[in-house]
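Using the numbering used here, the letters of the sequence shown correspond one by one to residues 612 to 848. Built from N, CA and C at the ideal position, the CB exists for glycine as well.
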Amino acid sequence: MRKTLMNVTKSALVLATVVSLGVGSIYAADIEVIEGEKLEQIEQDNKEKEKVLVIDVRDDDAYEKGHVKHAINIEADDLEENLPRLENYKKMQVVVIAATKEDSAASAQLLLDNGFEKVQNADGVDEFDYQLVTFESILPDELMDEIDDDDVIFIDGRDEKDFNKSAIKGAHHVDSETPETALEFLPEDKDTEIITYCYSGNRSSVIAEYLEEQGYTNVRNSLDGTKENKEIPLENK
């Protein structure tokens, strides 16, 4: 009887430990972790960031307050239903991030279970001192959804010679080296919807970050530009 009681007690202690660690820790054991320093280097490197998709699975409010430079936002609870949107990224390196590694581990596991080949779980924004930004990075389908919305202002960060040949209808040209020129045509309303794009999302991210610094609160940058997404409807001039 005493031996049985001891076994039951040990089992209870093991179960309690598992519960206290949380589900994320169970998943984390089988998922490769990318350190914050390495992820930060990738996000600040315009060439290296092209090889990686970073998904921030925190809620909207947390994401909008600050996230790693080129991360898109899909909340953990919404990730499964958004998998079809990510089909083209299955063979790419995909990094999942949240406040902590434990918070994002289940999302990383979900991607692995659904055929994503190179998934890593990152040190969270509460675990490493990332250089956070507040402009939103979006996938091509989100840009396409806004093409016909007259309330959205599009800013083209490509070379002027290419802009003069073709561009999204109604788009304004802004050189990423002089982003302040955007203030000449943007309305004073800081809630104005703005989408920036270029060849690969790098130049346009500079413009997007500048506009956020100027107080514009609804700025989105197309993660994939005209070089990567041939479906962006550029109209000949």
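Exercise for the section: Report yes if the CB atom of Gly735 is closer than 7 Å to the CB atom of Ala710, and no otherwise. Expected result: For the purposes of this step, residue 735 is taken as the residue at position 124 of the sequence shown. For the purposes of this step, residue 710 is taken as the residue at position 99 of the sequence shown. For Gly735 and Ala710, yes; Cβs fall inside 7 Å.
Handout entry: Under 7 Å between C-beta atoms of Ile708 and Asp667
Key = Working through the sequence shown from its first residue, we reach residue 708 at position 97. Working through the sequence shown from its first residue, we reach residue 667 at position 56. Result yes, Cβ atoms of Ile708 and Asp667 sit closer than 7 Å.
Practice task
Taking 7 Å as the cut-off, decide whether the C-beta atoms of Gln731 and Glu643 are in contact.
Solution key: Taking the sequence shown and counting its residues from 1, the one referred to as residue 731 is at position 120. Taking the sequence shown and counting its residues from 1, the one referred to as residue 643 is at position 32. Yes, the pair counts as a contact, with Cβ atoms nearer than the cut-off.
Exercise for the section: Pull up the distance between the alpha-carbon of Ser811 and that of Arg769, whole angstroms please. Expected result: On the sequence shown, residue 811 is found 200 positions in, with the first residue counted as 1. On the sequence shown, residue 769 is found 158 positions in, with the first residue counted as 1. About 9 Å.
Practice task
Confirm, please, whether the CB-CB distance from Gln704 to Lys658 is below 7 Å.
Solution key: One-based indexing of the sequence shown puts residue 658 at position 47. One-based indexing of the sequence shown puts residue 704 at position 93. In this structure, Gln704 does not lie closer than 7 Å to Lys658 by Cβ.
Problem - Short Cβ contact (7 Å threshold) for Tyr827 with Lys801 - result: Translated into the one-based positions of the sequence shown, residue 827 becomes position 216. Translated into the one-based positions of the sequence shown, residue 801 becomes position 190. Cβ atoms of Tyr827 and Lys801: closer than 7 Å.
Exercise for the section: Sort Asn840, Asp786, Pro798 and Thr803 by Cα distance to Ser816 and report the nearest one. Expected result: Looking up residue 816 in the sequence shown gives position 205. Comparing Cα-Cα distances from Ser816 to each of Asn840, Asp786, Pro798 and Thr803, the minimum goes to Asp786.
Exercise for the section: Compare the Cα-Cα distances from Lys841 to each of Gln720, Tyr808 and Glu691 and report the closest residue. Expected result: For the purposes of this step, residue 841 is taken as the residue at position 230 of the sequence shown. Here the closest residue by C-alpha is Tyr808.
Exercise for the section: Give a yes or no on whether the C-beta atoms belonging to Asn832 and Phe746 are separated by under 7 Å. Expected result: Residue numbering aside, residue 832 sits at position 221 when the sequence shown is read from its first letter. Residue numbering aside, residue 746 sits at position 135 when the sequence shown is read from its first letter. Going by C-beta atoms, Asn832 is nearer than 7 Å to Phe746.
Exercise for the section: Give the range of the beta strand (DSSP E) segment to which Glu804 is assigned. Expected result: The count along the sequence shown starts at 1 and reaches residue 804 at position 193. Here the beta strand (DSSP E) through Glu804 covers Glu804 to Tyr808.
Problem - Straight-line Cα distance separating Tyr700 from Ala719 - result: What you label residue 719 is simply residue 108 of the sequence shown in a count that begins at 1. What you label residue 700 is simply residue 89 of the sequence shown in a count that begins at 1. For Ala719 and Tyr700, the distance between alpha carbons rounds to 14 Å.
Handout entry: Gln825 - DSSP class collapsed to helix/strand/coil
Key = Here residue 825 corresponds to residue number 214 of the sequence shown, with the count starting at 1. Gln825 falls in the coil class under three-state DSSP.
Exercise for the section: Compute the Euclidean distance between the alpha carbons of Leu694 and Glu654, then round it to the nearest angstrom. Expected result: Here residue 694 is taken as the residue at index 83 of the sequence shown, counted from 1. Here residue 654 is taken as the residue at index 43 of the sequence shown, counted from 1. Their Cα atoms are separated by approximately 23 Å.
Practice task
May I ask you to report which of helix, strand or coil DSSP gives Phe746?
Solution key: As a first step, residue 746 must be located in the sequence shown, where it is residue number 135. Coil at Phe746, not helix or strand.
Practice task
Could you check if Asp714 is buried or exposed, using at least 16 other CB atoms within 10 Å of its CB as the buried criterion?
Solution key: For the purposes of this step, residue 714 is taken as the residue at position 103 of the sequence shown. Answer is buried; the Cβ neighbour count reaches 16.
Practice task
Would you decide whether Ile781 is buried or exposed? Buried here means 16 or more other CB atoms lie within 10 Å of its CB.
Solution key: In the sequence shown, counting from the first residue as 1, residue 781 sits at position 170. Strictly speaking, residue 781 in this sequence is Gly, with Ile absent from that position. It is exposed - the Cβ of Gly781 has fewer than 16 other Cβ atoms within 10 Å.
Exercise for the section: Can you give me the Cβ contacts of Lys729 inside the same chain, cut-off strictly under 6 Å, excluding the 5 residues immediately before and after it? Expected result: For the purposes of this step, residue 729 is taken as the residue at position 118 of the sequence shown. The residues are Gln704.
Handout entry: Through-space distance from Ile683 to Glu820, alpha-carbon basis
Key = As a working note, residue 820 is residue 209 in the sequence shown. As a working note, residue 683 is residue 72 in the sequence shown. Cα to Cα, Glu820 sits roughly 15 Å from Ile683.
Exercise for the section: State yes or no: is the C-beta of Leu690 within less than 7 Å of the C-beta of Leu721? Expected result: Mapped onto the sequence shown, residue 690 falls at position 79. Mapped onto the sequence shown, residue 721 falls at position 110. Yes, the pair counts as a contact, with Cβ atoms nearer than the cut-off.
Problem - Where the alpha helix (DSSP H) through Phe765 begins and ends - result: Numbered from 1 along the sequence shown, position 154 holds the residue referred to as residue 765. That residue, Phe765, is in no alpha helix (DSSP H); its beta strand (DSSP E) goes Val763 to Asp767.
Handout entry: Terminal residues of the beta strand (DSSP E) in which Ser833 lies
Key = Translated into positions along the sequence shown, residue 833 becomes position 222. Segment Val830 to Ser833, the beta strand (DSSP E) holding Ser833.
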